[in-house]
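Chemist: My structure is below; once you've seen it, I'll send some questions.
Number of protein chains: 4
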Amino acid sequence: MPSIEQLTDDIRRFAEERDWDQFHNPKNLSMALAVEASEIMEIFQWLTEEQSKNLPEEKMAELKDELADVTIYLVRLADKLGIDLFSAAEAKIARNKEKYPADKVRGSAKKYNEYD
Amino acid sequence: MPSIEQLTDDIRRFAEERDWDQFHNPKNLSMALAVEASEIMEIFQWLTEEQSKNLPEEKMAELKDELADVTIYLVRLADKLGIDLFSAAEAKIARNKEKYPADKVRGSAKKYNEYD
Amino acid sequence: MPSIEQLTDDIRRFAEERDWDQFHNPKNLSMALAVEASEIMEIFQWLTEEQSKNLPEEKMAELKDELADVTIYLVRLADKLGIDLFSAAEAKIARNKEKYPADKVRGSAKKYNEYD
Amino acid sequence: MPSIEQLTDDIRRFAEERDWDQFHNPKNLSMALAVEASEIMEIFQWLTEEQSKNLPEEKMAELKDELADVTIYLVRLADKLGIDLFSAAEAKIARNKEKYPADKVRGSAKKYNEYD
Numbered sequence: 005m006p007s008i009e010q011l012t013d014d015i016r017r018f019a020e021e022r023d024w025d026q027f028h029n030p031k032n033l034s035m036a037l038a039v040e041a042s043e044i045m046e047i048f049q050w051l052t053e054e055q056s057k058n059l060p061e062e063k064m065a066e067l068k069d070e071l072a073d074v075t076i077y078l079v080r081l082a083d084k085l086g087i088d089l090f091s092a093a094e095a096k097i098a099r100n101k102e103k104y105p106a107d108k109v110r111g112s113a114k115k116y117n118e119y120d
Numbered sequence: 005m006p007s008i009e010q011l012t013d014d015i016r017r018f019a020e021e022r023d024w025d026q027f028h029n030p031k032n033l034s035m036a037l038a039v040e041a042s043e044i045m046e047i048f049q050w051l052t053e054e055q056s057k058n059l060p061e062e063k064m065a066e067l068k069d070e071l072a073d074v075t076i077y078l079v080r081l082a083d084k085l086g087i088d089l090f091s092a093a094e095a096k097i098a099r100n101k102e103k104y105p106a107d108k109v110r111g112s113a114k115k116y117n118e119y120d
Numbered sequence: 005m006p007s008i009e010q011l012t013d014d015i016r017r018f019a020e021e022r023d024w025d026q027f028h029n030p031k032n033l034s035m036a037l038a039v040e041a042s043e044i045m046e047i048f049q050w051l052t053e054e055q056s057k058n059l060p061e062e063k064m065a066e067l068k069d070e071l072a073d074v075t076i077y078l079v080r081l082a083d084k085l086g087i088d089l090f091s092a093a094e095a096k097i098a099r100n101k102e103k104y105p106a107d108k109v110r111g112s113a114k115k116y117n118e119y120d
Numbered sequence: 005m006p007s008i009e010q011l012t013d014d015i016r017r018f019a020e021e022r023d024w025d026q027f028h029n030p031k032n033l034s035m036a037l038a039v040e041a042s043e044i045m046e047i048f049q050w051l052t053e054e055q056s057k058n059l060p061e062e063k064m065a066e067l068k069d070e071l072a073d074v075t076i077y078l079v080r081l082a083d084k085l086g087i088d089l090f091s092a093a094e095a096k097i098a099r100n101k102e103k104y105p106a107d108k109v110r111g112s113a114k115k116y117n118e119y120d
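Residue numbers (my numbering), protein chains in the order written: chain A, 5 to 120; chain B, 5 to 120; chain C, 5 to 120; chain D, 5 to 120.
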């Protein structure tokens, strides 16, 4: 499996070779990221929650493609901003552990609904 | 820096300890991902492209937090679907290299505008 | 009930009086519209489809506020682009009637899933 | 120009004739609304703010179509929730007038950036 550093480099080179760096400012990249995230959602919008767990094969292929797009723009945006995604994610999880102590929120949909 | 496998495990354990797995079906996770991607965008919506490259420190902290949220839901969704994000992203880049040959599209905004 | 012309005028005057017209180009407005649509979705993301039909009163008030925001940015964007929203919507419905003949698609989730 | 009541009725009849009412719960409609809003944004994502003000004719046709989709889902969602969109929008504008007094915020991008 490629590392996040490798992926970051590959995306950077891809953009540079095409002189597309000029379009990749954080504002534009944030739009591209949201557009791609929305395309994932489009696959699920009329399915039930149960159906969303058991997608037919061709939907899975489409989904893989959309997840790839989100990953690419997310890694690109983080690169442009100098943010280390995985360290930021681990730090957030650590904060969430304090905010939502397991023994207090377990099984509580109500608590969950206030979680984000 | 944590690996994606480590992050995947940590998110999985976080949800299990809180019995929140029940909310994490692909449909719901796709919504959460889109909501968080949109919160990144909210930071940039009234800024110029230039301003988006030079954020004040407190906006950078906020942004880091939102990028963490997107990363968490993206990794969680991929885990639920059994998709390897980085391999999918590298495969997509390989396809894009064929679709947009560097010597043909270089510097062309027009071509770029057809890229997604 | 106010008409769409009245609402368009009121939003226009609101922006002019604050000299905010400078921020209201179609690109920025499309971001604001997507951000507000996402805030509606945030209310529903962890609810079941059934729960989404029976919201508690305070969620309804919040929702009303978010629907108002989407309406304002949609009407503002249409005003900037010179598009008549309701005529465009009626024209789209007419095309959809031909695309999805009632006697062929009735009750078919499969067909529906291809609808957008 | 059709009224919002007429449009609401036409969308309702369109869904009923196809037995698609079963898919139109608020959760699903909120996803559809966000997906369509994102499709508007997709048209603008790599354009400059200036370019977004001067779209070529075929982009304007595409945009009109996407604005129609957002309008349809917004009106449909409001109908399902029993919310009067225009009254809600006017009420929001009235609140915003108090929150952002014209003589205090005029021409201030800084203030604007805190507006939403």
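Beta carbons: idealized from backbone N, C-alpha and C, even for Gly. For clarity, every value in this text was computed on a predicted model and none was experimentally measured.
Anyone know if the C-beta pair for residue 35 of chain A and residue 39 of chain D falls short of 8 Å?
Modeler: Locating residue 35 of chain A in the first sequence gives position 31, where the first residue counts as 1. Locating residue 39 of chain D in the fourth sequence gives position 35, where the first residue counts as 1. Not closer than 8 Å, so no.
Chemist: List, in chain order, every chain C residue whose beta-carbon is nearer than 7 Å to that of residue 103 of chain D.
Modeler: Here residue 103 of chain D corresponds to residue number 99 of the fourth sequence, with the count starting at 1. By Cβ distance, chain C contributes nothing, its closest Cβ being about 11 Å from residue 103 of chain D, past 7 Å.
Chemist: Whole angstroms are fine: how far does the CA of residue 81 of chain A sit from the CA of residue 20 of chain A?
Modeler: For the purposes of this step, residue 20 of chain A is taken as the residue at position 16 of the first sequence. For the purposes of this step, residue 81 of chain A is taken as the residue at position 77 of the first sequence. Straight-line Cα distance between these residues: approximately 15 Å.
Chemist: Do residue 74 of chain B and residue 12 of chain B come within 8 Å of each other at the CB atom, strictly closer than that value?
Modeler: Residue 12 of chain B sits at position 8 when you count from the first residue of the second sequence. Residue 74 of chain B sits at position 70 when you count from the first residue of the second sequence. Against a cut-off of 8 Å, the Cβ pair of residue 74 of chain B and residue 12 of chain B comes out as no contact.
Chemist: In chain A, which residues lie less than 9 Å from residue 65 of chain C when you measure between Cβ atoms?
Modeler: Position 61 of the third sequence, counted from the start, is the residue given in the question as residue 65 of chain C. Result: empty, since nearest Cβ-Cβ is about 16 Å, beyond 9 Å.
Chemist: Please confirm if the segment 51-62 of chain C is in contact with the segment 41-57 of chain D, defined as three or more CB-CB distances below 8 Å between the two stretches.
Modeler: Cβ pair count under 8 Å is below three, so no.
Chemist: Between residue 36 of chain A and chain G, is any beta-carbon pair separated by less than 8 Å?
Modeler: Absent here is chain G; the protein component of the structure consists of chains A, B, C and D.
Chemist: Check for me: the alpha helix (DSSP H) holding residue 52 of chain C runs from which residue to which?
Modeler: Taking the third sequence and counting its residues from 1, one reaches residue 52 of chain C at position 48. No alpha helix (DSSP H) holds residue 52 of chain C; DSSP gives it neither H nor E.
Chemist: Could you list which residues in chain A have their beta carbon closer than 8 Å to that of residue 21 of chain B, in chain order?
Modeler: Within the second sequence, numbered from 1, the residue matching residue 21 of chain B stands at position 17. Result: 106 and 110.
Chemist: Between the beta-carbon of residue 85 of chain A and the beta-carbon of residue 30 of chain A, is there less than 8 Å?
Modeler: By 1-based counting over the first sequence, the position of residue 85 of chain A is 81. By 1-based counting over the first sequence, the position of residue 30 of chain A is 26. For residue 85 of chain A and residue 30 of chain A, yes; Cβs fall inside 8 Å.
Chemist: Count the other CB atoms within 10 Å of the CB of residue 58 of chain B; is the residue buried (16 or more) or exposed (fewer)?
Modeler: As a working mapping, residue 58 of chain B is identified with position 54 in the second sequence. Looking at its Cβ environment, which holds fewer than 16 other Cβ atoms inside 10 Å, residue 58 of chain B is exposed.
Chemist: Helix or strand or just coil, what does DSSP make of residue 30 of chain D?
Modeler: Residue numbering aside, residue 30 of chain D sits at position 26 when the fourth sequence is read from its first letter. Here residue 30 of chain D sits in helix by DSSP.
Chemist: Output, in chain order, the set of chain B residues within a Cβ distance shorter than 8 Å of residue 27 of chain C.
Modeler: Residue numbering aside, residue 27 of chain C sits at position 23 when the third sequence is read from its first letter. Under the 8 Å cutoff, chain B gives 50.
Chemist: Tell me the DSSP secondary structure of residue 58 of chain A in three-state form.
Modeler: On the first sequence, residue 58 of chain A is found 54 positions in, with the first residue counted as 1. Looking at residue 58 of chain A - three-state DSSP - the assignment turns out to be coil, as it is neither helix nor strand.
Chemist: Would a check of beta-carbon distances place residue 46 of chain B closer than 8 Å to chain C?
Modeler: Taking the second sequence and counting its residues from 1, the one referred to as residue 46 of chain B is at position 42. Closer than 8 Å to some Cβ of chain C, the Cβ of residue 46 of chain B qualifies, so yes.
Chemist: Assign residue 7 of chain B to one of three DSSP states: helix, strand, or coil.
Modeler: Within the second sequence, residue 7 of chain B is the residue found at index 3, counting from 1. Here residue 7 of chain B sits in coil by DSSP.
Chemist: Could you check what DSSP says for residue 88 of chain A in three-state terms: helix, strand or coil?
Modeler: For the purposes of this step, residue 88 of chain A is taken as the residue at position 84 of the first sequence. In this structure, residue 88 of chain A counts as coil in the three-state DSSP scheme.
Chemist: Mapping DSSP to helix, strand and coil, what is residue 23 of chain C?
Modeler: As a first step, residue 23 of chain C must be located in the third sequence, where it is residue number 19. Coil.
Chemist: Out of A:18, A:7, A:103 and A:92, state which residue places its alpha-carbon closest to the alpha-carbon of residue 69 of chain B.
Modeler: Walking along the second sequence from the start, residue 69 of chain B turns up at place 65. The shortest C-alpha separation from residue 69 of chain B is found at A:92.
Chemist: Just mark residue 107 of chain C as buried or exposed, buried being the case when its beta carbon has 16 or more other beta carbons within 10 Å.
Modeler: The sequence position of residue 107 of chain C within the third sequence is 103, counting from 1. Classification of residue 107 of chain C: exposed, given that the 10 Å Cβ count is below 16.
Chemist: Among B:97, B:41, B:83 and B:26, which residue has its Cα nearest to the Cα of residue 72 of chain B?
Modeler: The residue given as residue 72 of chain B occupies position 68 in the second sequence. Comparing Cα-Cα distances from residue 72 of chain B to each of B:97, B:41, B:83 and B:26, the minimum goes to B:41.
Chemist: Can a CB atom of chain A be found closer than 8 Å to the CB of residue 6 of chain B?
Modeler: Here residue 6 of chain B corresponds to residue number 2 of the second sequence, with the count starting at 1. Cβ-Cβ to chain A under 8 Å: yes for residue 6 of chain B.
Chemist: Verify the CB distance criterion: does residue 39 of chain C have a CB-CB separation below 8 Å to chain B?
Modeler: Counting from one through the third sequence, the residue named residue 39 of chain C turns up at place 35. Closer than 8 Å to some Cβ of chain B, the Cβ of residue 39 of chain C qualifies, so yes.
Chemist: State yes or no: is the beta carbon of residue 42 of chain B nearer than 8 Å to at least one beta carbon in chain C?
Modeler: Taking the second sequence and counting its residues from 1, the one referred to as residue 42 of chain B is at position 38. Yes, contact with chain C.
Chemist: Should residue 30 of chain C be flagged as near chain D, meaning a C-beta pair shorter than 8 Å?
Modeler: Counting from one through the third sequence, the residue named residue 30 of chain C turns up at place 26. It does: the Cβ of residue 30 of chain C has a partner Cβ on chain D nearer than 8 Å.
Chemist: On the premise that residue 109 of chain A lies in contact with residue 22 of chain B, defined as a C-beta separation below 8 Å, what is that separation, rounded to the nearest angstrom?
Modeler: Taking the second sequence and counting its residues from 1, one reaches residue 22 of chain B at position 18. Taking the first sequence and counting its residues from 1, one reaches residue 109 of chain A at position 105. With 8 Å as the limit, residue 22 of chain B and residue 109 of chain A qualify as a contact, their Cβ atoms being about 5 Å apart.
Chemist: Quick check on the burial criterion: 16 or more other C-beta atoms within 10 angstroms. Buried or exposed for residue 62 of chain D?
Modeler: By one-based count along the fourth sequence, residue 62 of chain D stands at place 58. Classification for residue 62 of chain D: exposed.
Chemist: Please state whether DSSP places residue 110 of chain B in a helix, a strand or coil.
Modeler: Within the second sequence, the letter at position 106 stands for residue 110 of chain B. Three-state DSSP puts residue 110 of chain B in coil, outside helix and strand.
Chemist: At the level of alpha carbons, what is the spacing between residue 83 of chain B and residue 7 of chain D?
Modeler: Sequence index remark: in the second sequence, residue 83 of chain B carries index 79 (1-based). Sequence index remark: in the fourth sequence, residue 7 of chain D carries index 3 (1-based). The alpha-carbon atoms of residue 83 of chain B and residue 7 of chain D are separated by roughly 47 Å.
Chemist: Going by C-alpha distance, which of B:14, B:32, B:10 and B:33 is nearest residue 100 of chain A?
Modeler: For the purposes of this step, residue 100 of chain A is identified with residue 96 of the first sequence, where counting begins at 1. Taking only the C-alpha atoms, the option nearest residue 100 of chain A is B:14.
Chemist: In whole angstroms, what is the alpha-carbon distance linking residue 66 of chain C and residue 98 of chain D?
Modeler: Residue mapping note: residue 66 of chain C aligns to position 62 of the third sequence, counting from 1. Residue mapping note: residue 98 of chain D aligns to position 94 of the fourth sequence, counting from 1. Approximately 16 Å, taken between the alpha carbons.
Chemist: Kindly list the residues whose CB is nearer than 8 Å to the CB of residue 37 of chain D, restricted to its own chain and excluding five residues on each side of it in sequence; keep chain order.
Modeler: Here residue 37 of chain D refers to the residue found at position 33 when the fourth sequence is read from its first residue. Closer than 8 Å at Cβ, skipping near neighbours: 74, 77, 78 and 81.
Chemist: Report the three-state DSSP secondary structure of residue 77 of chain C (helix, strand or coil).
Modeler: By one-based count along the third sequence, residue 77 of chain C stands at place 73. In the structure shown, residue 77 of chain C sits in a helix (DSSP, three-state: H, G or I).
Chemist: Of the choices C:96, C:94 and C:87, whose alpha-carbon is the least far from that of residue 9 of chain C?
Modeler: Looking up residue 9 of chain C in the third sequence gives position 5. Per the Cα distances, C:87.
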